[in-house]
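Here the structure is laid out as structure tokens; the discussion comes afterwards.
Chains as they are written, first to last, in my numbering: chain Y, 17 to 570; chain P, 288 to 564.
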């Protein structure tokens with residue numbers, strides 16, 4: 017007994033000595049500062065700290081070790097498997113040789129980037145089966161990060177801060193009551209000291225909003241309702257009380273312009289999705305791009321792509337910022353390849369239309385008029401009999417992230433050429449129940465070839481520079497690099513590398529599952545450029561086998 | 288006591304009446320023994336849309352069956368509303384019929400779809416087949432068995448027909464045999480590969496991607512080929528299934544064959560055929 021006590025005392029003494037040593041060295045500085053977020057992707061390739069790589073959402077890396085000439089020599093370094101049902105729709109983050117990634121079913125990991133070995137795993141219990149209303153997959157789109165904290169939205173509509181070192185919950189903020197149809201899958205956008213998120217639930221009669229939370233405390237700083245309330249400008253664009261359950265959800269991460277201090281978000285569809293009579297009017301700010309002051313959440317401007325949408329063509333596509341010269345004038349623009357079939361380049365200082373051109377076959381609108389509104393053609397209103405319209409419900413593109421190469425001024429997007437028969441009917445609203453008032457069915461038949469293509473679009477004109485066709489529509493995101501590469505994938509599970517100047521296929525690998533809704537990221541590790549590919553429930557790291565490792569031993 | 292029971296019955300009837308009027312009332316936790324939305328106009332409209340979007344790809348816009356079975360006969364064959372509800376909710380194991388779990392599919396959604404289906408389903412079953420199933424079985428052995436399997440007998444190039452009697456209406460089978468069906472089932476699309484030395488490989492396509500195609504050739508060999516190794520890979524327009532016009536199969540013979548096919552209802556039904564080996 018006494019001996020045990022002595023040994024115990026020694027252990028305590030030892031631990032105290034260790035603590036003293038750590039204290040003497042001082043705690044390491046936080047891993048990610050607000051300035052590092054502003055810096056975005058650096059030439060040293062040491063990090064990928066947010067959804068789109070940097071605040072512009074360009075998903076374009078400055079790295080050049082992997083080139084069109086050597087990309088065929090990529091070899092796998094390791095494969096990580098979630099051992100969880102469901103798939104990644106998430107953009108992983110990387111800092112100090114550690115990956116941070118969210119997965120399906122409210123699970124997240126820290127993973128050793130050198131080996132693919134798990135460091136910690138976080139799991140938040142899901143509410144009882146049947147009580148969740150997440151319409152379209154129990155997925156998540158990635159972490160945000162600041163200081164030593166990761167930020168993650170949850171399927172039951174919470175926002176969590178996790179300790180980067182352990183995955184422990186630091187704070188837990190409730191966005192809304194999930195039983196009323198709210199859910200969250202968005203990757204948070206961290207700006208200054210705020211964490212900005214939105215809610216999903218556009219098929220469940222919610223009233224959408226964008227929230228900002230204090231990164232330290234989890235206290236809500238502001239809320240912007242994507243549907244104006246009574247007395248607010250735009251409320252009269254909803255007939256009667258339809259604004260109360262008009263949807264307009266937000267589940268794709270916005271872009272941020274530090275100079276203008278504005279965040280840009282694409283807003284979801286109005287609900288019920290297909291039934292015109294249920295919500296007469298333009299239905300602001302559904303299917304719009306909104307520019308919000310990040311300090312206050314105040315709306316600076318909006319541009320509505322599809323007024324009074326009847327086809328579920330939400331604008332939850334990834335907005336990308338760039339500085340272009342158009343007609344000899346320098347322009348600050350925001351670009352968005354929309355689900356409705358048109359590609360848009362807007363002036364991001366004021367929301368005015370610069371370019372609005374179809375990038376797939378569109379039958380519903382003749383063009384985008386000079387006033388910025390689509391010139392709608394007759395005969396494309398869904399009804400009980402069904403109306404054939406292009407594009408289909410999934411749209412010309414959707415939430416899978418596109419990429420932009422600023423050196424070539426080219427926008428790369430996986431586009432879909434599919435049409436659908438749209439049906440509509442009147443549906444009463446029941447809280448927590450699916451509220452769509454119709455549906456769309458993909459058109460099939462000998463004359464209705466459905467296919468997809470990776471398209472390179474010039475945002476100054478909306479013209480197509482090149483395309484690479486797939487046998488079926490792809491839902492993969494896109495990554496580009498400064499060495500002239502495009503990485504993406506097809507629906508059949510092929511991971512593809514193409515030459516970004518001409519769209520020539522350079523290399524491929526069958527991953528066993530498509531890169532659905534996500535793109536690879538790239539970073540440097542021990543002197544070798546890595547391409548990290550989320551596909552199905554796996555992450556696979558690729559590097560050039562013949563480039564020697566130079567281990568960093570910091 | 289008696290008046291109390293009576294009152295309860297009246298109340299229950301009133302509740303049922305309200306239920307029938309209001310499509311959007313919550314369905315009670317205990318599953319009803321009869322579709323509470325049957326005949327409800329709004330439910331039928333909603334069910335039509337839902338049916339077309341979620342069921343018609345396999346069962347057809349007219350519910351007469353494409354890849355999935357003809358489902359216009361389900362009530363005529365004696366299935367009940369709760370049994371059909373379970374089939375939609377839970378799917379059919381070992382078939383392509385998926386489960387439709389909550390919350391994506393609510394109880395209401397299923398009752399609406401069944402309410403609509405009822406409006407396009409005839410109340411009575413098709414009459415018995417005029418043909419002779421025994422004669423039909425011989426015709427099958429002569430003309431069909433090389434490609435189609437029943438039980439543990441037959442080829443693999445065409446779809447297995449062991450359950451075709453419950454999966455297809457007679458008229459749809461007749462159309463298929465006479466060569467009047469445009470659709471070819473996924474996994475059975477005809478394809479011809481031409482090798483660099485001009486040799487042709489004919490078969491049905493089991494899978495494909497941008498770079499490869501997986502086929503079963505006419506000798507039933509399954510094999511994958513890289514497109515780059517082939518001179519050409521051509522999707523054929525015409526099904527591998529021969530057309531049996533009246534010159535090859537008289538109307539009376541067609542009736543006999545249909546009578547046999549209608550008798551095929553799964554493993555049990557196929558057992559006698561297996562015994563004859």
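Ideal Cβ placement from N, Cα and C applies to all residues, glycine included. Fair warning: this is a prediction, and the values are worked out from it, not measured in the lab.
- Boundaries of the beta strand (DSSP E) around residue 361 of chain Y: 358–363.
- Within the same chain, and ignoring the five residues on either side of residue 509 of chain P in sequence, the residues whose Cβ sits closer than 6 angstroms to its Cβ are 503.
- For residue 217 of chain Y, the closest C-alpha among the options Y:226, Y:210, Y:416, Y:209 is that of Y:226.
- One Cα belongs to residue 568 of chain Y, the other to residue 109 of chain Y, and the distance between them is close to 19 angstroms.
- Contacts with chain Y (Cβ-Cβ distance below 9 angstroms) from the region 315–337 of chain P involve 329, 332, 333, 335, 336, 337, listed in chain order.
- Contact note: residue 356 of chain P does not reach chain Y at a C-beta cutoff of 9 angstroms; the least C-beta distance is about 19 angstroms.
- Taking 7 angstroms as the Cβ-Cβ cut-off, the region 371–405 of chain P approaches chain Y at 389, 390, 393, given in chain order.
- Residue-level contact check: residue 71 of chain Y does not touch chain P, since none of the beta carbons of chain P fall below 7 angstroms from its beta carbon.
- For residue 541 of chain P, no beta strand (DSSP E) run applies; the uninterrupted alpha helix (DSSP H) run containing it begins and ends at 538–549, by DSSP.
- Shown in chain order are the members of the region 484–503 of chain Y whose Cβ falls below 8 angstroms from a Cβ of chain P: 486, 487.
- For residue 415 of chain Y, the closest of Y:421, Y:431, Y:383 by C-alpha to C-alpha distance is Y:431.
- Pairwise C-beta distances place the region 419–436 of chain Y in contact with the region 375–382 of chain Y, as three or more of them are shorter than 8 angstroms.
- Note: residue 352 of chain Y is bridge-paired with Y:360 in the DSSP secondary-structure output.
- Residue contact check for residue 293 of chain Y against chain P: no CB pair falls below 7 angstroms.
- Put simply, the CB of residue 340 of chain P is near chain Y, with a gap under 7 angstroms to one of its CB atoms.
- Comparing alpha carbon positions, the residue from Y:401, Y:71, Y:229, Y:51 closest to residue 273 of chain Y is Y:71.
- For a cut-off of 8 angstroms, the C-beta gap from residue 79 of chain Y to residue 497 of chain Y is around 6 angstroms, short enough to register as a contact.
- With three or more CB-CB distances shorter than 8 angstroms, the region 306–315 of chain Y counts as touching the region 277–292 of chain Y.
- A straight-line Cα-Cα distance of about 11 angstroms links residue 144 of chain Y and residue 390 of chain P.
- Inclusion of residue 552 of chain Y and residue 535 of chain Y in the CB contact set at 7 angstroms is not warranted, their separation being larger than that value.
- Relative to the Cα of residue 490 of chain P, the nearest Cα in the group P:483, P:467, P:507, P:484 belongs to P:507.
- DSSP places residue 281 of chain Y in the strand class (E or B) of the three-state scheme.
- Listed along the chain, the chain Y residues whose CB falls inside 7 angstroms of the CB of residue 513 of chain P amount to none; the nearest CB is some 11 angstroms away.
- In chain order, 361, 478 place their CB closer than 6 angstroms to the CB of residue 371 of chain Y, counting only its own chain and leaving out the 5 sequence neighbours on each side.
- For residue 315 of chain Y, DSSP records a beta bridge to Y:308.
- Rounded to whole angstroms, the Cβ separation of residue 382 of chain Y and residue 363 of chain Y is 23 angstroms, and the two are not in contact under 8 angstroms.
- Taking a contact to require three or more Cβ pairs closer than 8 angstroms, the region 511–522 of chain Y and the region 469–485 of chain Y qualify as touching.
- Between residue 324 of chain Y and the set Y:295, Y:344, Y:340, the nearest pair of CA atoms involves Y:295.
- In the three-state reduction of the DSSP assignment, residue 259 of chain Y falls in the helix class, which pools H, G and I.
- In terms of Cα proximity to residue 338 of chain P, the closest of P:448, P:397, P:365 is P:397.
- Taking 8 angstroms as the upper bound for CB-CB distance, residue 181 of chain Y and residue 164 of chain Y are in contact here, some 7 angstroms apart.
- Here residue 167 of chain Y is not near residue 116 of chain Y, since their CB atoms are 7 angstroms or more apart.
- Within 10 angstroms of the beta-carbon of residue 549 of chain P lie 16 or more other beta-carbons, which makes it buried.
- Residue 503 of chain P is bridged by DSSP to P:491, P:509.
- Rounded to whole angstroms, the gap between the alpha carbons of residue 425 of chain P and residue 92 of chain Y is 57 angstroms.
- Look at residue 398 of chain P here: in three-state DSSP terms it is helix.
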